[in-house]
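S.K.:
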Amino acid sequence: MADTELTGAEIVVRCLQDEGVKHIFGYPGGAVLNIYDEIYKQDAFQHILVRHEQAAVHAADAYARSTGQVGVAIVTSGPGATNAVTGIATAYMDSIPLVVLTGQVPTAAIGLDAFQEVDTVGITRPCVKHNFLVKDVQQLAETIKKAFYIASTGRPGPVVVDIPKDVTQHLCAYHYPRRISLRSYNPTYKGHTGQIRKAVQMLLEAKRPVIYMGGGVILGNASRQLTQLGQTLAYPTASTLMGLGGYPASDPLFLGMLGMHGTYEANMAMQHCDVLLAVGARFDDRVIGNPKHFASEHHRIIHIDVDPSSISKRVKVDVPIVGDVAHVLDEMLKLLAAGKASPDEQALQAWWAQIELWRSQDCLKYEAGDKPIKPQYVVEKLYEVTQGQAFVTADVGQHQMWAAQYYKFDQPRRWINSGGLGTMGFGLPAAMGVQFAHPQAMVVCITGEGSIQMNIQELSTCKEHNLPIKVILLNNGYLGMVRQWQEFFYEERYAESYVGSLPDFVKLTEAYGHVGMLVERTADVEPALRDAFGKYKDRLVFINFLVDPRENVYPMIPAGKGLSEMILV
Amino acid sequence: MRHIISLLMENESGALSRVAGLFSARGYNIESLTVAPTEDPTLSRMTLVTRGSDEVIEQITKQLNKLVDSVKIQDITDGSHIERELMLVKVRAHTNDLREEMMRLGDIFRGRIIDVSDKTYTMELTGTGSKLDAFLEALDAGLILETVRTGACGIGRGERILKV
Ligand SMILES: Cc1ncc(C[n+]2csc(CCOP(=O)(O)OP(=O)(O)O)c2C)c(N)n1
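Read top to bottom, the protein sequences are chains A and B. First residue of the first sequence: 1, per the numbering used here; consecutive thereafter. First residue of the second sequence: 570, per the numbering used here; consecutive thereafter.
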């Protein structure tokens, strides 16, 4: 025997090591015990035991979002896998590269309603980029390699590898392929040269240009190129929720966030532009609202995306460019540098004058009294105290929108939130994933009292690993975003949006072994934050800010309306 | 518009459910779907018949292409092509008149009688979907006991070849 044979479980662990994985998040159970036994025997990577499988997947997901590397989670069969599904779907909707290993009942028991059996491949099929059931140990290493390759290339996404327990016992020689190619899967990398040339020409002809960027700029590591393009041309840039940080928010050429809770200037500019350069974005319903309304103004649209199916899906595009966004933008920058043509200065001046007029609406203004605290104020102070340097995760609701509106991200991969699926409960486990990837960084979770209770058990994981996360609870006593819709669209019938009997969050935090604070007055906001990042720098601090229960997120475009049909204050 | 889409997929377990799942998840309409391995046993070939506006068909093609297991795809209705479907029909044939009538109809539609009992005939027909429809319409509905159709499969004419 030339090669020594390894068990399937040993192979799984070796694959992860050879892939360079440093952290995996998981939860054990019968079907994965062999794998856990091998994890126990090694220390090339660290396994982090969470308190619920959903949290394992969110943590791995945020690990990926904040680093660009593939996140890895491992769960057992049956309930382990079903608990992971929300996390997998969250990653899928935001195109996050993830490998999720799920245990499965032994191959001979599959289909017999065995204990803790579910059809994991069937359940996850609609919310993964791809999935595999490995029935033969000979295929295990290659399948794991494929999973990493598929997850991280093209339009990224989660890949599930379902491994029956007997496969983890079977023996075979180990060989981890260094490279892999699949005849059925070849993502386009280079954009079409002719189309790129057309795009540059169209951009230079623009009288009222807008650059519209989405999460694809972050995922494709194209922030540098996009920023350079916007600044070279001095064109306005607006971002989706998922793109924030891809262009520096503190640059005056940046118009802010687009969409349902976007700024007045960003939405008006998008509606009234003549040439739109869409980069790594997908014109979704939360961004352009009603596509008919959007199309009622004439736009010429250039769309760069790595996924051809994102192009011309909701809006007709004039110049489609399929390719890696960083690569395509590089080519555009080269053409711009080499060419003699430059933007129409006069038209651009007039366009900026119009934009400044919209901007002077100051759509994000609010008035802060001493009590109750305005939630926006907390985020603004957080931005100041952290000097804009924190990684910020969010849950889902009003607090998420305020975080996006008032924390100005100048760097990519700092703003971590569930945009596509809108998963409450994402924030705290996500902060854990980020903190493991960046042990020295300031990591903040902005949350609501509804969302935090969906994964609050993770405070225990945070204690086990002494993660110095700062939880900023904007406690308005309501499922605030639901309450806001009920106020606007259901004549203030607040059906089940008031959350009664909230726990004493300070005591609860203390019970988990962390520092808890209660803040009720505006004057105390900044000192509390300074303590959290100063005196308690190395501790997890949970600050319960009692904020105005009636505050709404403005501006707002009601669902199904057009970009210029915003409700201002 | 009716479109016939040919798809070469890795012959992996689950490939069919990925395609079927895609159609139901995205609300695309699916008229028929046939699948079988090709001369290369690592590949299956599917023929999908669907209807939709140009935009919908464009999305269907892109989404099918995006499936990690799909190797090649072609909308064969984009060019000249041949379409065939197989149908088996069991009809009442308990009187001489009926038997003659069935034989005559069978001749007209180039069908073949492939099974006979004292009360029934079973006929085999191939052709385009509309030819098979026409045959069924020509029959008195009360005489039909059972029909089974494969759904269309199709191939491009001449040099139009879908191969890896
Ligand atoms: C898992 C899940 N369930 C339900 C919803 C619907 N939903 C969206 S926002 C929201 C309210 C969130 O309340 P809270 O966390 O207190 O944040 P707030 O809006 O008050 O800031 C709800 C219920 C969701 N997004 N996710």
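Heads up, the beta-carbon is just placed ideally off N, CA and C, and yes, glycines get one too. Remember, it's a predicted structure, so these values are computed and weren't measured experimentally.
1) Helix, strand or coil: which one does DSSP assign to residue 409(A)?
2) Tell me the DSSP secondary structure of residue 699(B) in three-state form.
3) Residues of the segment 173-200 of chain A in Cβ contact with chain B at a cutoff of 8 Å, in chain order, please.
4) Quick one: grab the DSSP three-state call for residue 27(A).
5) To which residues of the same chain is residue 123(A) closer than 8 Å at the C-beta, ignoring the five residues directly before and after it?
6) With 8 Å set as the bound, which would you pick, yes or no: does the beta-carbon of residue 312(A) sit closer than that to a beta-carbon of chain B?
7) Within 10 angstroms of the Cβ of residue 129(A), are there 16 or more other Cβ atoms? Answer buried if so, exposed if not.
8) Any contact between the segment 587-596 of chain B and the segment 525-536 of chain A? By contact I mean 3 or more CB pairs, one from each, below 8 Å.
9) What is the rounded straight-line gap between the Cα of residue 410(A) and the Cα of residue 438(A)?
10) Is any non-hydrogen atom of ligand 1 found closer than 7 Å to the C-beta of residue 612(A), if you look at the structure I gave you?
11) So for residue 114(A), helix, strand or coil by DSSP?
12) Using a Cβ-based criterion (distance less than 7 Å to any ligand heavy atom), does residue 423(A) qualify as near ligand 1?
13) Taking only beta-carbon positions, decide if residue 95(A) is within less than 8 Å of chain B.
14) Is it true that the CB of residue 302(A) sits closer than 8 Å to the CB of residue 202(A)?
15) Three-state secondary structure (DSSP) at residue 176(A)?
16) Kindly list, in the order they appear in chain B, the residues whose Cβ is closer than 9 Å to that of residue 158(A).
17) Using only the heavy atoms of ligand 1, determine whether one of them is closer than 7 Å to the beta carbon of residue 395(A).
18) May I ask you to report which of helix, strand or coil DSSP gives residue 157(A)?
19) Using a beta-carbon distance below 8 Å, is residue 292(A) in contact with chain B?
20) By the 8 Å beta-carbon criterion, what residues does the segment 573-595 of chain B contribute toward chain A?
21) Buried or exposed for residue 598(B), going by 16 or more other Cβ atoms inside 10 Å?
22) Do residue 779(B) and ligand 1 come close, with the Cβ less than 7 Å from some heavy atom?
23) Alpha carbon to alpha carbon, how far is residue 205(A) from residue 347(A)? Give it in angstroms, no decimals.
24) Look at the alpha carbon of residue 475(A) and the alpha carbon of residue 429(A), and state the distance between them as a whole number of angstroms.
25) Tell me the rounded alpha-carbon separation between residue 572(B) and residue 283(A).
26) Skipping 5 residues on each side, what residues in its chain have a beta carbon closer than 6 Å to that of residue 137(A)?
27) Sort 334(A), 59(A) and 44(A) by Cα distance to residue 393(A) and report the nearest one.
28) So with CB distances below 7 Å, who are the chain B contacts of residue 126(A)?
29) Quick check: residue 644(B) and residue 724(B), are their CB atoms within less than 8 Å of each other?
30) Is any heavy atom in ligand 1 found nearer than 7 Å to the beta carbon of residue 434(A)?
31) Quick check on DSSP: helix, strand or coil for residue 217(A)?
32) Check whether the Cβ atoms of residue 178(A) and residue 461(A) lie closer than 8 Å to each other.
33) Would you mind stating whether residue 215(A) and residue 321(A) have Cβ atoms separated by less than 8 Å?
34) Going by the C-beta, is residue 93(A) closer than 7 Å to any heavy atom of ligand 2?
35) Work out the CA separation of residue 637(B) and residue 620(B) for me, nearest whole Å.
36) Mind listing the chain B neighbours of residue 309(A)? Cutoff is C-beta to C-beta under 8 Å, in chain order.
M.R.: Reading from the atomic positions:
1) coil
2) helix
3) 182, 183, 184 and 185
4) coil
5) 81, 82 and 85
6) yes
7) buried
8) no
9) 17 Å
10) Past the edges of chain A, shown from 1 to 569, lies residue 612(A), and the structure says nothing about it.
11) coil
12) yes
13) no
14) yes
15) coil
16) Simply none; closest approach about 12 Å.
17) yes
18) coil
19) no
20) 578, 579, 582, 583, 586, 587, 590 and 594
21) exposed
22) This structure cannot speak to residue 779(B), because chain B is shown only from 570 to 733.
23) 10 Å
24) 19 Å
25) 27 Å
26) 8, 167, 170 and 172
27) 59(A)
28) 590 and 594
29) no
30) no
31) helix
32) no
33) no
34) Of the ligands one can find in the structure shown, namely ligand 1, none is ligand 2.
35) 24 Å
36) 628, 631, 632, 634 and 635
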